[in-house]
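Single-structure report; data block below.
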Amino acid sequence: MDESRLKLTDLNTYCLLKIFDYLSEADLLRLSMASRFLEGIINSNIFAKWAMDLLLCGIRDNPSVNQRNFFRLPNFRRIQISRNWVKGVYEQRPYFHHDPMFPTKLCLESDALYITHASYLRRYRRTREDAMDRLYEKEIYTSASTDISDFVKKQNTIFAGRTCGSCFLYDDGYVIAEQRMHASNEYLHCVDFLNSLYVTSTDTCCKLWQRSQEFGQTHFDLVMELNRAFKSMKLSADGQWLFGGLYTDKDRKALRAIDVETGEEMVFNSDTMSVYDLKIKDDQVLFMANFDTTLRMFDRRVDSDVATWEDPFDSSFYCLEYDGLYAVLAGTSMHARVNLYDIRMPKHVQMYFPGRSWRHDGFSPVYSLACDSQYMFIATDHNLRVFDFSCSLGTARDYNNIIREQFRI
Numbered sequence: 518m519d520e521s522r523l524k525l526t527d528l529n530t531y532c533l534l535k536i537f538d539y540l541s542e543a544d545l546l547r548l549s550m551a552s553r554f555l556e557g558i559i560n561s562n563i564f565a566k567w568a569m570d571l572l573l574c575g576i577r578d579n580p581s582v583n584q585r586n587f588f589r590l591p592n593f594r595r596i597q598i599s600r601n602w603v604k605g606v607y608e609q610r611p612y613f614h615h616d617p618m619f620p621t622k623l624c625l626e627s628d629a630l631y632i633t634h635a636s637y638l639r640r641y642r643r644t645r646e647d648a649m650d651r652l653y654e655k656e657i658y659t660s661a662s663t664d665i666s667d668f669v670k671k672q673n674t675i676f677a678g679r680t681c682g683s684c685f686l687y688d689d690g691y692v693i694a695e696q697r698m699h700a701s702n703e704y705l706h707c708v709d710f711l712n713s714l715y716v717t718s719t720d721t722c723c724k725l726w727q728r729s730q731e732f733g734q735t736h737f738d739l740v741m742e743l744n745r746a747f748k749s750m751k752l753s754a755d756g757q758w759l760f761g762g763l764y765t766d767k768d769r770k771a772l773r774a775i776d777v778e779t780g781e782e783m784v785f786n787s788d789t790m791s792v793y794d795l796k797i798k799d800d801q802v803l804f805m806a807n808f809d810t811t812l813r814m815f816d817r818r819v820d821s822d823v824a825t826w827e828d829p830f831d832s833s834f835y836c837l838e839y840d841g842l843y844a845v846l847a848g849t850s851m852h853a854r855v856n857l858y859d860i861r862m863p864k865h866v867q868m869y870f871p872g873r874s875w876r877h878d879g880f881s882p883v884y885s886l887a888c889d890s891q892y893m894f895i896a897t898d899h900n901l902r903v904f905d906f907s908c909s910l911g912t913a914r915d916y917n918n919i920i921r922e923q924f925r926i
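Here this note's numbering is used: position 180 in the sequence shown is 697, and no number is missing along the way.
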């Protein structure tokens, strides 16, 4: 008689989903752990929908942040981790303290984190147990001893520029070229490349280069020189446009676009005097971190800023990170603070303060920023800070309404 009794797993999916409507998230998670059959139904019909548009953990259209994850996250873990981002629940750890102050640049991939250390570029292997190893796996360097100011990695190729105007190319495990591209009295701000086109910019000018090879030696030929000092720049995905933000423009039109073929300049109608960092959202939309304490989203189709967010403490924004969906992280000029923004909302979602240590007072800007769904990496002038949002028992530091609470608004 017992064998004829109806089991929960005997019900069809429609009936099960109607029953699950009355269960809490915790109950659904317990059911998922109790039965693989129920786990499949709950994950594909409930958790997958909840995880679709999460900040930094969303799955819609496979955003770029998922490509930086070390392993594939289950949907229920995505929900928990995204909630930690929003509520400010995390654990933080300092890495690689250095007494001399210098700006550090970061590049995060699914299996490694690349970090500049003065004149060196180091690769740290990522692991399942921790954000990264503390001992570097590989060190990339050349005979030059000046600091690396910027670098870009695409596939197996790294293009890095030094403050003195010298640049080197690392490809398939070897430094294959190093060449002086600007005068030594210029300060190199940023570099970028796409296929065989390479771009460098200093505080004086911007140059476009063509990579070529002759007698087995790789070198760069100057294609175009522009009288523009870009603080940040990016080549479009099709290589047709170079988007750049000027270090300063008195007319408050610092965002520009250069036609790579003709050199013709387009002045965009974005109301900002200085762009410190720039990210491409898609073919038409750009994000900008600005000196004037604003984060802006610019749409080329209407030639206007379609959204503007102001920092609540009037700090300049130094750097950006975009998850490929709705979340933007912005590093500020004071207290190593990072703001989280949802581009669908008019104000910040959360703020993260690394805190002080006995070796560091915490007043540093955020020079570079990288993240995946679980970790955020913050480069300050004395160390690297790692925030772990995957923890289940981390301390909650909710600064979303800090201004309202301070002034009793």
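Every residue gets a Cβ at the ideal spot worked out from N, C-alpha and C, and that includes glycine.
- Of all alpha-carbon atoms in K566, S541, M569, F537, the one lying nearest the alpha-carbon of L555 is that of F537.
- The residues R645, in chain order, have a CB closer than 8 Å to that of F588 in the same chain once the five nearest residues on each side in sequence are set aside.
- The beta carbons of V883 and C836 sit closer together than 8 Å.
- A direct Cα-to-Cα measurement between P611 and L540 gives close to 40 Å.
- Here S749 carries a strand assignment [DSSP, helix/strand/coil].
- A contact between stretches requires three or more CB pairs, one per stretch, nearer than 8 Å, and the stretch 712 to 726 fails this requirement with the stretch 797 to 806.
- For T530, same chain residues with a beta-carbon under 8 Å away, outside a window of 5 residues either side, are I558, N562 in chain order.
- E838 sits away from L759, with the two beta carbons spaced by 8 Å or more.
- The beta-carbon separation of D809 and M790, rounded to 6 Å, stays under the 8 Å limit for a contact.
- Around the CB of D794, 16 or more other CB atoms lie within 10 Å, so the residue is classed as buried.
- Where S821 is concerned, the enclosing beta strand (DSSP E) starts and stops at 821 to 827.
- D794 sits in a strand when the DSSP states are folded into three classes.
- Contact between A853 and I895 holds: CB atoms are separated by about 6 Å, below the 8 Å threshold.
- For the 8 Å CB-CB criterion, Y641 and Y658 do not form a contact.
- DSSP places L638 inside the beta strand (DSSP E), whose first and last residues are 637 to 642.
- Annotation for G557: the continuous alpha helix (DSSP H) segment containing it runs 553 to 559.
- DSSP lists Y637 as the beta-bridge partner residues of H634.
- Take D664, set aside five residues on each side of it, and the residues of its chain with a beta-carbon closer than 7 Å to its own are F619, A635, S636, R679, T680, in chain order.
- With fewer than 16 other Cβ atoms from the protein chains shown falling within 10 Å of its own Cβ, L739 counts as exposed.
- For V716, DSSP records a beta bridge to D709, L725.
- L812 and D828 have their alpha carbons spaced roughly 8 Å apart.
- The Cβ atoms of C888 and E608 do not sit closer than 8 Å to each other.
- Cα atoms of T721 and S599: separation of roughly 42 Å, rounded to the nearest angstrom.
- When the five nearest sequence neighbours on each side are left out, the beta carbons in the same chain lying within less than 6 Å of the beta carbon of R817 are those of Q801, in order along the chain.
- Within the model, the alpha-carbon separation for C684 versus T912 is close to 43 Å.
- With fewer than 16 other CB atoms across the displayed protein chains lying within 10 angstroms of its CB, T526 is exposed.
- Put simply, the backbone Cα of A746 is about 26 Å away from that of A824.
- In the structure shown, the three-state DSSP call for L545 is helix.
- In this structure, R577 and S890 do not form a Cβ contact; the two beta carbons are roughly 14 Å apart against a cut-off of 8 Å.
- Listed as beta-bridge partners of Q734 by DSSP are E731.
- Going by DSSP, N601 is part of no beta strand (DSSP E) but of the alpha helix (DSSP H) stretching over 592 to 604.
- Selection L523, M649, N601 evaluated against E626 yields M649 as nearest (Cα-Cα).
- If you draw a straight line from the Cα of I675 to the Cα of A551, it is about 47 Å long.
- For V845, the uninterrupted beta strand (DSSP E) segment begins and ends at 844 to 849.
- In this structure, V606 lies away from G841, with their beta-carbon atoms at least 8 Å apart.
- Residues of the same chain with their beta carbon placed closer than 6 Å to that of K864 are lacking, with the five preceding and five following residues left out of the count.
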